[in-house]
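Participant: For the record, the sequence lines run as chains A and B.
Per numbering that gives the first Met the number 0, the first sequence starts with residue 0, numbered consecutively.
Per numbering that gives the first Met the number 0, the second sequence starts with residue 0, numbered consecutively.
Got a structure for you, written out below as structure tokens; questions coming shortly.
2 protein chains.
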Amino acid sequence: MPIRILLADDHQMVRQGLKALLEQEGFKVIGEAADGHQATRRAQELLPDIAILDLAMPLMNGIGAAKAISQISPQTKVVVLTMHTEAQYVLEALRAGIRGYVLKSRAAGELVQAIREVSRGSTFLSSDISDTVVDAYLNKVDVPSDTLSPRELQVLQLVAEGKTTKEVASLLNISVKTAESHRTRIMEKLDIHETASLVRYAIRRGLVQP
Amino acid sequence: MPIRILLADDHQMVRQGLKALLEQEGFKVIGEAADGHQATRRAQELLPDIAILDLAMPLMNGIGAAKAISQISPQTKVVVLTMHTEAQYVLEALRAGIRGYVLKSRAAGELVQAIREVSRGSTFLSSDISDTVVDAYLNKVDVPSDTLSPRELQVLQLVAEGKTTKEVASLLNISVKTAESHRTRIMEKLDIHETASLVRYAIRRGLVQP
DNA sequence: AAAATCTTAAGGGTTTTACCGGATTGACCC
DNA sequence: GGGTCAATCCGGTAAAACCCTTAAGATTTT
């Protein structure tokens, strides 16, 4: 019996392409969804073996859908398919109970491999991802590292608004060194290493307007 | 003779999926690219009939690649494939000489249709897009065209992607001082004084994704 | 032909970041 | 009452960003 797959991605064209690839490999794509809600509903109806979820979806993102699906269809194993390599996404996904984490920037073979591993009861992470996760665990920085503290969010917002560390410090009435420490910890937690990426992250989080 | 296609998208998995779909339709995907630079180089080598370009690509976006390709391979017709429906993107793409504008959220059939129309010398815009364009023309919604030169746009994109000046220089094969000059002129023109604001500006202009 | 802009490049300077150590306090939790 | 964590602070260093000036050669505009 072929492996029965639910495929969720907000771009129909991408879904069709992936479906074609997966069916070439002998998998059976029994359902599709364009957002997290749909994915959850379809999972409930179809009870697929594997749910492949994009992280960036409207209405409900992949993490939310993964959590919902493991509730209503525990036998369904979730594989996340995304462009994001940041530790914070990976760790959040792992905590949501996903079994595979595959990057869209990789060859389709990785997705195929992930499906095989995961349906065998194993797990699969794209190679760069493994490093990130291992690093996070080893350095014990792994903690709820996706959750920035209130203060860190505040600093991040100011940085994304273009304030220098000195300005941040004076705005928050703290020393420059403290502001610097916050900035450093933010970057550590997010696995980000330049201001530019920090700004893009803040925009994604809605902390600042583009 | 089948239509010869160059396919550019920064996600390999998406490319493979689209390739599978296009070859099912009898098209020949003769080359792939993961960024605007690669796309331009491959177009020069292969002189394809059609170049399918994602808008959001690293190093050089789809608009930049479209301009470059129409220079070095005038017989190549460009079809943009993207998730963006905003008038701003569409009009900019049209000014760059693209012949087709297809949304990733649509069925693959639209891309197939676009390729057929465009290679016949016609044009193709996904239906919502046509409205957008007509509206824009009627309302004379003139998109504030960038006063930045092509080179400056290119540098801006790289900076917003988090590249250091040194990296920008080596990517563009220019000296660090030149890259610095471009950066300075960009800030001067835009009256912007920090990287953070530069990044936000680049995002608003659609040069990079948040 | 003259003016303007673009692209390239450079010298020399200050300020800011990014990363490396470390430390102390207070709060909250079990 | 020991553990963990957020928040605060400090010293230092190398790299990068930022700021100023100048200028040659190509292309485009006027």
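Where is the CB? At the ideal position from N, CA and C, for every residue including glycine.
Under 9 Å Cβ-Cβ, which residues of chain A neighbour residue 82 of chain B?
Facilitator: Within chain A, the residues near residue 82 of chain B are 9, 10.
Participant: Does the stretch 44-53 of chain A come close enough to the stretch 69-80 of chain A to have 3 or more Cβ pairs within less than 8 Å?
Facilitator: Yes, they touch.
Participant: Is there a Cβ from chain A that is less than 8 Å from the Cβ of residue 143 of chain B?
Facilitator: With a pLDDT of 48 at residue 143 of chain B, under the threshold of 50, the modelled position of this residue cannot be trusted; read the value that follows with caution. By this cut-off, residue 143 of chain B is not an interface position.
Participant: Could you have a look at residue 207 of chain B and say whether DSSP puts it in helix, strand or coil?
Facilitator: Coil.
Participant: In its own chain, which residues sit with a C-beta less than 8 Å from the C-beta of residue 112 of chain A, not counting the 5 before and 5 after it?
Facilitator: Cβ within range, chain order: 123.
Participant: Out of A/66, A/87, A/107, point me to the one whose CA is closest to residue 80 of chain A's CA.
Facilitator: Checked all of A/66, A/87, A/107; the closest Cα to residue 80 of chain A is A/107.
Participant: Reducing DSSP to helix, strand and coil, say where residue 152 of chain A ends up.
Facilitator: Three-state result, residue 152 of chain A: helix.
Participant: For residue 102 of chain B and residue 109 of chain B, I'd like the C-alpha separation in whole angstroms.
Facilitator: So the alpha carbons of these two residues sit roughly 8 Å apart.
Participant: Please list the segments of the alpha helix (DSSP H) lying wholly inside the stretch 56-107 of chain A, counting only runs of 4 or more residues, in order along the chain.
Facilitator: With a minimum length of 4 residues, the continuous alpha helix (DSSP H) runs that stay inside the stretch 56-107 of chain A are 61-71, 86-94.
Participant: Excluding five sequence neighbours on each side, which residues of the same chain lie with their C-beta closer than 6 Å to the C-beta of residue 82 of chain A?
Facilitator: 103.
Participant: Can you have a look at residue 192 of chain B and say buried or exposed, based on whether 16 or more other CB atoms are within 10 angstroms of its CB?
Facilitator: By the neighbour-count rule (16 or more Cβ atoms within 10 Å), residue 192 of chain B is not buried but exposed.
Participant: Determine whether the beta carbon atoms of residue 59 of chain B and residue 156 of chain B lie at a separation below 8 Å.
Facilitator: Going by C-beta atoms, residue 59 of chain B is nearer than 8 Å to residue 156 of chain B.
Participant: Is the CB of residue 15 of chain A under 8 Å away from at least one CB in chain B?
Facilitator: Yes - at least one Cβ of chain B is within 8 Å of the one on residue 15 of chain A.
Participant: Would you be able to state if there are at least three C-beta pairs under 8 Å between the stretch 28-38 of chain B and the stretch 7-20 of chain B?
Facilitator: With the cut-off at 8 Å, the stretch 7-20 of chain B and the stretch 28-38 of chain B touch.
Participant: Under 8 Å by Cβ, that's how I've got residue 62 of chain B and residue 92 of chain B pegged, so tell me the actual separation to the nearest angstrom.
Facilitator: That pair is a contact at about 6 Å.
Participant: Three-state secondary structure (DSSP) at residue 184 of chain A?
Facilitator: It is helical.
Participant: So, helix, strand or coil for residue 121 of chain A, using DSSP?
Facilitator: Here residue 121 of chain A sits in coil by DSSP.
Participant: Could you give the C-beta distance for residue 127 of chain B and residue 84 of chain B, rounded to a whole number, given that I count them as a contact under 8 Å?
Facilitator: With 8 Å as the limit, residue 127 of chain B and residue 84 of chain B qualify as a contact, their Cβ atoms being about 6 Å apart.
Participant: Using 8 Å for Cβ pairs, my map puts residue 19 of chain A next to residue 38 of chain A. What's the rounded Cβ distance?
Facilitator: That pair is no contact at about 20 Å.
Participant: Within the same chain, show all residues whose beta-carbon is closer than 7 Å to that of residue 143 of chain B, passing over the 5 residues directly before and after it, in chain order.
Facilitator: With a pLDDT of only 48 at residue 143 of chain B, under 50, the local geometry of the prediction cannot be trusted, and no value is derived from it.
Participant: Return the residues of the stretch 55-89 of chain B that lie within a Cβ-Cβ distance of less than 8 Å from chain A, sorted by chain order.
Facilitator: The stretch 55-89 of chain B vs chain A, Cβ under 8 Å: 80, 82.
Participant: For residue 199 of chain A, is the classification buried or exposed, using 16 other Cβ atoms within 10 angstroms of its Cβ as the cut-off for buried?
Facilitator: So residue 199 of chain A counts as buried.
Participant: Between the stretch 158-170 of chain B and chain A, which residues of the former have a C-beta closer than 9 Å to a C-beta of the latter?
Facilitator: The residues in question are 158, 159, 160, 161, 162, 163.
Participant: Return the first residue and the last residue of the beta strand (DSSP E) that residue 31 of chain A is part of.
Facilitator: Element bounds for residue 31 of chain A: 27-32.
Participant: To the nearest angstrom, how far is the alpha carbon of residue 95 of chain B from that of residue 68 of chain B?
Facilitator: If I take the Cα positions, the gap works out to 10 Å.
Participant: To which residues does DSSP link residue 53 of chain A through a beta bridge?
Facilitator: Looking at the DSSP assignment, residue 53 of chain A forms a beta bridge with A/80.
Participant: By Cβ distance below 7 Å, which residues in the same chain neighbour residue 151 of chain A in space, the five residues on each side in sequence not counted?
Facilitator: Within the same chain, residue 151 of chain A has close Cβ partners 181, 184, 185.
Participant: Can you pull out the residues from the stretch 175-199 of chain B whose beta carbon lies closer than 7 Å to at least one beta carbon of chain A?
Facilitator: If the cut-off is 7 Å between Cβ atoms, the stretch 175-199 of chain B has 193, 194, 195, 196, 198, 199 near chain A.
Participant: Residue 27 of chain A touches chain B at which residues, Cβ-Cβ below 9 Å?
Facilitator: Under the 9 Å cutoff, chain B gives no residues; its nearest Cβ is about 17 Å from residue 27 of chain A.
Participant: Note the first and the last residue of the continuous beta strand (DSSP E) segment covering residue 46 of chain B.
Facilitator: Note, residue 46 of chain B: premise wrong, no beta strand (DSSP E); not H, not E.
Participant: How would you list, in chain order, the residues of chain B whose beta-carbon sits under 8 Å from the beta-carbon of residue 23 of chain A?
Facilitator: Neighbours of residue 23 of chain A on chain B, chain order: 19.
Participant: Note the first and the last residue of the continuous beta strand (DSSP E) segment covering residue 6 of chain A.
Facilitator: Counting along the chain, the beta strand (DSSP E) containing residue 6 of chain A begins and ends at 3-7.
Participant: When we look at the beta-carbon of residue 114 of chain A and count the other beta-carbons within 10 Å, is it buried (16 or more) or exposed?
Facilitator: By the neighbour-count rule (16 or more Cβ atoms within 10 Å), residue 114 of chain A is buried.
Participant: Secondary structure at residue 177 of chain A, three-state DSSP: helix, strand or coil?
Facilitator: Residue 177 of chain A: helix per DSSP, three-state reduction.
Participant: So that I know if they touch, is there some Cβ in chain A lying closer than 8 Å to that of residue 5 of chain B?
Facilitator: Residue 5 of chain B does not count as touching chain A.
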